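Structure first, commentary second.
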Amino acid sequence: MRTHVKVAVIGGGVVGASVLYHLTKAGWKDVLLIERAELTSGSTWHAAGGMHTVNGDPNVAKLQQYTINLYRELEQISGQSCGVHITGGIMLAGTPERLDWLRMAKARGRYLGMDLELISVAEAKKLFPLLEERHFVGAMYDPIEGHVDPYGVTHAYAKSAQVGGAEVVRQTRVLECRPRADGSWDVSTDRGDVHAEHVVNAAGLWAREVGRMVGLELPILAMEHQYLITEDIPEFKGRQEQLHCIDFEGEIYMRQERGGMLMGTYERAGVPWSPRTTPWDFGQDLLPNDLERIAPSLEVGFQHFPRLESAGIRKIVNGPFTFAPDGNPLVGPVRGLRNYWVACGVMAGFSQGGGVGLALSRWMVEGDPGGDIWGMDVARYGDWATLAYTNAKVRENYSRRFRIRFPNEELEAARPLRTTPIYDRLAAENAVWGDYCGLEHALWFAPRGTPAREDITFRRSNAHAHVAAECRAVRERAGLLEISNYGKFEVAGPKAAEWLGQVMANRLPAPGRMVLSPMLNERGRLIGDFTIARLGEERFFVVGTYAAEVYYLRWFARTLPAAGVTLRSCATEYVGLSVAGPAARDILQPLVAEDLATAAFPFLSFRRVDVGMVPALLGRVSFTGDLGYEIWVTTDYQRALHALLTAAGRDLGLRHIGGRALNSLRLEKSFGTWAREYRPIYGPYEAGLGRFVDLDKGDFTGRAAARAERASGGERRLVTLDVAAKDADAIGDEPIYHDGRVVGWVTSGGYGHSVGKSLALGYVERAAAEATAGFEVELIGERCRATRLAAAAFDPEGRRMRA
Ligand SMILES: Cc1cc2nc3c(=O)[nH]c(=O)nc-3n(C[C@H](O)[C@H](O)[C@H](O)COP(=O)(O)OP(=O)(O)OC[C@H]3O[C@@H](n4cnc5c(N)ncnc54)[C@H](O)[C@@H]3O)c2cc1C
Numbered sequence: 000m001r002t003h004v005k006v007a008v009i010g011g012g013v014v015g016a017s018v019l020y021h022l023t024k025a026g027w028k029d030v031l032l033i034e035r036a037e038l039t040s041g042s043t044w045h046a047a048g049g050m051h052t053v054n055g056d057p058n059v060a061k062l063q064q065y066t067i068n069l070y071r072e073l074e075q076i077s078g079q080s081c082g083v084h085i086t087g088g089i090m091l092a093g094t095p096e097r098l099d100w101l102r103m104a105k106a107r108g109r110y111l112g113m114d115l116e117l118i119s120v121a122e123a124k125k126l127f128p129l130l131e132e133r134h135f136v137g138a139m140y141d142p143i144e145g146h147v148d149p150y151g152v153t154h155a156y157a158k159s160a161q162v163g164g165a166e167v168v169r170q171t172r173v174l175e176c177r178p179r180a181d182g183s184w185d186v187s188t189d190r191g192d193v194h195a196e197h198v199v200n201a202a203g204l205w206a207r208e209v210g211r212m213v214g215l216e217l218p219i220l221a222m223e224h225q226y227l228i229t230e231d232i233p234e235f236k237g238r239q240e241q242l243h244c245i246d247f248e249g250e251i252y253m254r255q256e257r258g259g260m261l262m263g264t265y266e267r268a269g270v271p272w273s274p275r276t277t278p279w280d281f282g283q284d285l286l287p288n289d290l291e292r293i294a295p296s297l298e299v300g301f302q303h304f305p306r307l308e309s310a311g312i313r314k315i316v317n318g319p320f321t322f323a324p325d326g327n328p329l330v331g332p333v334r335g336l337r338n339y340w341v342a343c344g345v346m347a348g349f350s351q352g353g354g355v356g357l358a359l360s361r362w363m364v365e366g367d368p369g370g371d372i373w374g375m376d377v378a379r380y381g382d383w384a385t386l387a388y389t390n391a392k393v394r395e396n397y398s399r400r401f402r403i404r405f406p407n408e409e410l411e412a413a414r415p416l417r418t419t420p421i422y423d424r425l426a427a428e429n430a431v432w433g434d435y436c437g438l439e440h441a442l443w444f445a446p447r448g449t450p451a452r453e454d455i456t457f458r459r460s461n462a463h464a465h466v467a468a469e470c471r472a473v474r475e476r477a478g479l480l481e482i483s484n485y486g487k488f489e490v491a492g493p494k495a496a497e498w499l500g501q502v503m504a505n506r507l508p509a510p511g512r513m514v515l516s517p518m519l520n521e522r523g524r525l526i527g528d529f530t531i532a533r534l535g536e537e538r539f540f541v542v543g544t545y546a547a548e549v550y551y552l553r554w555f556a557r558t559l560p561a562a563g564v565t566l567r568s569c570a571t572e573y574v575g576l577s578v579a580g581p582a583a584r585d586i587l588q589p590l591v592a593e594d595l596a597t598a599a600f601p602f603l604s605f606r607r608v609d610v611g612m613v614p615a616l617l618g619r620v621s622f623t624g625d626l627g628y629e630i631w632v633t634t635d636y637q638r639a640l641h642a643l644l645t646a647a648g649r650d651l652g653l654r655h656i657g658g659r660a661l662n663s664l665r666l667e668k669s670f671g672t673w674a675r676e677y678r679p680i681y682g683p684y685e686a687g688l689g690r691f692v693d694l695d696k697g698d699f700t701g702r703a704a705a706r707a708e709r710a711s712g713g714e715r716r717l718v719t720l721d722v723a724a725k726d727a728d729a730i731g732d733e734p735i736y737h738d739g740r741v742v743g744w745v746t747s748g749g750y751g752h753s754v755g756k757s758l759a760l761g762y763v764e765r766a767a768a769e770a771t772a773g774f775e776v777e778l779i780g781e782r783c784r785a786t787r788l789a790a791a792a793f794d795p796e797g798r799r800m801r802a
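Numbering (numbering that gives the first Met the number 0), first residue to last: 0 to 802.
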């Protein structure tokens, strides 16, 4: 074993082997993979090897496409067969809702270049003769589905990496990882030490244990998973290999395995495996079968595919594999640990392993993952994702693997976990709750005496009329919205302005003022959008997206000077309330000594102000596009502030509003949000944020690339569309057509209640963005006419905000 390497990859499952290969491909040859036993000795060896391109996150779907296309390349380099069988696959819908879901998946596939086809049950029967037609209402055909040989794929990656200069050591267990002052690592194994500039934790089933070696508690949990293989089915003999099949309502996946059928299920009563620590003596072992547990799914399966009932079971496999709470991988550099990277929690190693290796290797070698991998970034979880939280969420996610997640559906596991001091007050107002990073927030308020519940649907729900009333309140009088679920940072010190100015793309505000500012990476892509408020020459209060708190902290740490700046995340220390609407000033003015008239406290003012007896930070800004104020207080004052505001607003028509109303109001203003309109695949000029980028203020991260984007105009444009929708609004990821051709995709959508329009924000090719008419948006299989709005649907001049 080499004693000094550029990278030590821990774990020789399909993911570690892929990372190793991709590192060599990206040009880092001095790389080492350390495997405790033989390659594939974790989850990999007993996997069913199935692969597919469909994924709820289009960016993950792209990486899945990449993975599937990679296998031929690996076979050529390594001479090792991956055992690729591309059979094609069908996904069966047993309910109209599932058919809608398939229609939407097909639509999303359009701009991803996927060739998905909706077919009738009769056509499905021709392709997959085992099915019993009466249980289904439709199906989707995907030509690019199939399976691989897990052993072959892992060895093909490893051999290809070795061809590229990598070393692979087996029967060597990593015992310890110790950081050096220069950011490199001493990795101790039971066969000697190695000094590595970088470490990658790709330890799969043991990723938690390997993480704990460096004080890291990764939010992953292994679940037991069973599949069975039937005896040979005579009808298969002499016929072309059967297609892959997913029966969503039966919660079963199937494919032909030699002469029989392989059937697996994600049962509702899933069982975690080794919930706290993974035993080191577990290797190429299987867990005891528990057919009882999957019996309910098998029963449904036998009804839906009667021929299987009499086929007899040849083999049952029960093995563990790991999941993150949302079922997507955990990839990337770990905040607070220099040169420490993870590639774990990969539950679909044969669809995703290649994409994970590609993204991570680019990130390590080029400093950027090269695409939008937010959905897989390890930084999407903060300290709130504890072991017990992870346990509850993973079990929920496992049991729902084949269930529809409706766009307005809130999942119940691990709730309520985090609440703000006014939780009970809002509950008493009949709030319908949503969950965001484990924090409860009000979505909308149901009328008193009615259940605080939203019907889950792809179409407009029972919330529609009530959200309309909340929006009306804001536009006509005033709404009171809790805004605690934002990320907040305090930046202070003699070098605070210099550092922040380098990190942010806009000019910093003067004391007492705020600005909106994008944050760019070196490629000039959007990696954040913030409100920066300046309390003094050396003190800033920065508000951004809470879900990205760890992501931001990791980014900030790259350039934070050793002295002269203190940076503190204070997301949960400050909670907030916003009052917005034409009556907002009349409600707030009696509570503060400062003059709130526009002349004295204009739009984008920010000050330390007492509201009654409550010390607060007061900003004049509102995401609703109306006259509005955001008031930040420490948690101990939130109840008092809430009491003051509700009392002051009682006679002025103030009513509580929730996140759904805010979404509608911001769409009317064409205001984008992080992770929807603003993501690292878009530039600021494409996103319409050019006016918040100050190319003349001096140097800042991403300036050269932003300048180039401004000169070239970028590739696409964010547009607002008025969609002739019927009873379903755009959600996000629907294709946008112009003159019959797909020219882009929706990033978010909804009904603009105060303008009476169904609105969609989305990116289209730049040339198409010139047009007004001729657009269509595909909503649940129906192409709806759409018109591009030249300006925001509500108050395009922004008079209301500034009034
Ligand atoms: C029954 C079953 C069916 C499945 N079917 C499919 C399927 O059809 N399609 C699909 O895509 N996925 C499937 N999977 C999931 C798939 O197996 C995983 O996605 C994949 O194996 C994860 O690979 P990995 O490399 O992350 O982890 P692992 O395979 O667990 O590999 C981790 C490796 O790290 C090594 N290691 C750990 N700690 C150390 C240490 N301290 N020192 C040195 N080495 C160490 C281990 O020995 C192991 O070899 C299935 C899983 C199961 C259990």
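We put the CB at the ideal spot given by N, CA and C, even for glycine. Every value quoted in this text rests on a predicted model; they were computed, and no experiment measured them.
Return the CA-CA distance between Y435 and L307, expressed in angstroms with no decimal places. Position 436 of the sequence shown, counted from the start, is the residue given in the question as residue 435. Position 308 of the sequence shown, counted from the start, is the residue given in the question as residue 307. Y435 and L307: Cα-Cα distance of roughly 43 Å.
Could you compute how far the alpha carbon of V541 sits from the alpha carbon of K487? For the purposes of this step, residue 541 is taken as the residue at position 542 of the sequence shown. For the purposes of this step, residue 487 is taken as the residue at position 488 of the sequence shown. For the pair V541 and K487, the Cα-to-Cα distance works out to about 6 Å.
Counting only the same chain and skipping the five closest in sequence on each side, list residues whose C-beta sits under 7 Å from that of L566. Residue mapping note: residue 566 aligns to position 567 of the sequence shown, counting from 1. Once the five neighbours on either side are set aside, the close Cβ partners of L566 are F488, V490, F555 and L559.
Delimiting residues of the alpha helix (DSSP H) encompassing Q283: For the purposes of this step, residue 283 is taken as the residue at position 284 of the sequence shown. Careful: Q283 lies outside any alpha helix (DSSP H) and carries neither H nor E.
Where DSSP assigns a beta bridge to M503, which residues make up the other side? Locating residue 503 in the sequence shown gives position 504, counting from the first residue. Beta-bridge pairing links M503 to M518.
Under the DSSP definition of a beta bridge, which residues are partnered with L525? The residue labelled residue 525 in the question sits at position 526 within the sequence shown. According to DSSP, which records beta bridges pairwise, L525 is partnered with L519.
Given this structure, state the Cα-to-Cα distance separating W184 from E223, to the nearest angstrom. The residue labelled residue 184 in the question sits at position 185 within the sequence shown. The residue labelled residue 223 in the question sits at position 224 within the sequence shown. Cα to Cα, the separation comes out at about 33 Å.
Should L204 be counted as a contact of ligand 1 given a C-beta to heavy atom distance under 7 Å? For the purposes of this step, residue 204 is taken as residue 205 along the sequence shown, with counting starting at 1. Yes, since a heavy atom of ligand 1 falls inside the 7 Å radius drawn around the Cβ of L204.
Does ligand 1 have even one heavy atom less than 7 Å from the beta-carbon of I9? Position 10 of the sequence shown, counting from 1, holds the residue named residue 9. It does: the Cβ of I9 is within 7 Å (strictly closer) of some heavy atom of ligand 1.
CA nearest to the CA of G437, picked from R471, Y485 and A445: Stepping through the sequence shown from its first residue, residue 437 is reached at position 438. It is Y485 whose Cα lies nearest to the Cα of G437.
Does M0 come out as helix, strand or coil in the three-state DSSP assignment? For the purposes of this step, residue 0 is taken as residue 1 along the sequence shown, with counting starting at 1. Residue state, collapsed to three classes: coil.
What are the complete beta strand (DSSP E) segments, minimum 3 residues, inside the segment 586–610? 605–610
Any chance you could list the beta strand (DSSP E) runs of at least 3 consecutive residues sitting entirely within the segment 90–120, in chain order? Complete beta strand (DSSP E) runs here, min 3: 116–118.
Beta-carbon proximity list for A323, same chain, < 7 Å, skipping 5 on both sides: Looking up residue 323 in the sequence shown gives position 324. P218, I219, L329 and G344, listed in sequence order.
To the nearest angstrom, how far is it from the Cα of M0 to the Cα of V8? Here residue 0 refers to the residue found at position 1 when the sequence shown is read from its first residue. Here residue 8 refers to the residue found at position 9 when the sequence shown is read from its first residue. Using only the alpha carbons, I get a separation of about 13 Å.
Tell me, to the nearest whole angstrom, how far the beta carbon of G511 is from that of S604; I am working on the premise that it is less than 8 Å. As a first step, residue 511 is located in the sequence shown; it is residue number 512 there, counting from the start. As a first step, residue 604 is located in the sequence shown; it is residue number 605 there, counting from the start. For a cut-off of 8 Å, the C-beta gap from G511 to S604 is around 6 Å, short enough to register as a contact.
Under the criterion of a Cβ to heavy atom distance below 7 Å, does P319 qualify as lining ligand 1? Working through the sequence shown from its first residue, we reach residue 319 at position 320. Yes, the beta carbon of P319 sits closer than 7 Å to at least one heavy atom of ligand 1.
Excluding five sequence neighbours on each side, which residues of the same chain lie with their C-beta closer than 8 Å to the C-beta of D189? Locating residue 189 in the sequence shown gives position 190, where the first residue counts as 1. These residues qualify, in order along the chain: T171, R172 and L174.
Would you report the Cα separation of P274 and Y397, rounded to the nearest angstrom? Numbered from 1 along the sequence shown, position 275 holds the residue referred to as residue 274. Numbered from 1 along the sequence shown, position 398 holds the residue referred to as residue 397. Each residue's Cα considered, the two are about 14 Å apart.
For V610 versus I630, is the C-beta spacing smaller than 8 Å? By one-based count along the sequence shown, residue 610 stands at place 611. By one-based count along the sequence shown, residue 630 stands at place 631. It is a contact, given that the beta carbons lie within the stated cut-off.
I'd like to check one pair, V30 with V53: are the Cβ atoms closer than 8 Å? Sequence index remark: in the sequence shown, residue 53 carries index 54 (1-based). Sequence index remark: in the sequence shown, residue 30 carries index 31 (1-based). No, the pair does not count as a contact, with Cβ atoms beyond the cut-off.
In the DSSP assignment, what are the bridge partners of V811? Look at the range of the chain in this structure, 0 to 802, and you will see that residue 811 is not part of it.
Three or more C-beta pairs closer than 8 Å, one from the segment 98–110 and one from the segment 258–268: is that the case here? no
Can at least three beta-carbon pairs, one atom from the segment 10–22 and one from the segment 139–155, be found at a separation below 8 Å? In short, these stretches touch, since the Cβ pair count reaches three.
Looking at ligand 1, does it come within less than 7 Å of G575, judged from the CB to the closest heavy atom? For this step, residue 575 is matched to residue 576 along the sequence shown. No, the beta carbon of G575 sits no closer than 7 Å to any heavy atom of ligand 1.
Can you check which of these residues, Y422, W205 and A802, is closest to S40 by C-alpha distance? For the purposes of this step, residue 40 is taken as residue 41 along the sequence shown, with counting starting at 1. Considering only alpha carbons, the answer is W205.
Return the Cβ separation of H752 and R471 in integer angstroms, given the expectation that the two are a contact with Cβ distance under 8 Å. By one-based count along the sequence shown, residue 752 stands at place 753. By one-based count along the sequence shown, residue 471 stands at place 472. Confirmed, about 7 Å.
Taking Cβ to Cβ, would you say R665 is nearer than 8 Å to V466? Counting from 1 along the sequence shown, the entry for residue 665 is found at position 666. Counting from 1 along the sequence shown, the entry for residue 466 is found at position 467. The answer is no: Cβ separation not under 8 Å.
Test item: CB-CB of P271 and A347 under 8 Å: Taking the first residue of the sequence shown as 1, we reach residue 271 at position 272. Taking the first residue of the sequence shown as 1, we reach residue 347 at position 348. Result no, Cβ atoms of P271 and A347 do not sit closer than 8 Å.
Quick check: what's the CA-CA separation for N58 versus V613? In the sequence shown, counting from the first residue as 1, residue 58 sits at position 59. In the sequence shown, counting from the first residue as 1, residue 613 sits at position 614. Rounded to the nearest angstrom, the two C-alpha atoms are 45 Å apart.
According to DSSP, simplified to helix, strand and coil, what is K5? Indexing the sequence shown from 1 puts residue 5 at position 6. Strand at K5.
With three or more C-beta pairs closer than 8 Å as the rule, is the segment 519–528 touching the segment 349–360? no
Give a yes or no on whether the C-beta atoms belonging to H243 and G145 are separated by under 8 Å. Working through the sequence shown from its first residue, we reach residue 243 at position 244. Working through the sequence shown from its first residue, we reach residue 145 at position 146. The answer is yes: Cβ separation under 8 Å.
Is V341 near ligand 1, in the sense that its beta carbon is under 7 Å from a heavy atom of that ligand? By 1-based counting over the sequence shown, the position of residue 341 is 342. Every heavy atom of ligand 1 is 7 Å or more from the Cβ of V341, so no.
May I ask whether a heavy atom of ligand 1 can be found less than 7 Å away from the beta carbon of E266? By one-based count along the sequence shown, residue 266 stands at place 267. No, ligand 1 has no heavy atom inside 7 Å of this Cβ.
With respect to 7 Å, is the separation between the Cβ of T645 and the closest non-hydrogen atom of ligand 1 below this value? Numbered from 1 along the sequence shown, position 646 holds the residue referred to as residue 645. T645 Cβ: outside cutoff for every heavy atom of ligand 1.
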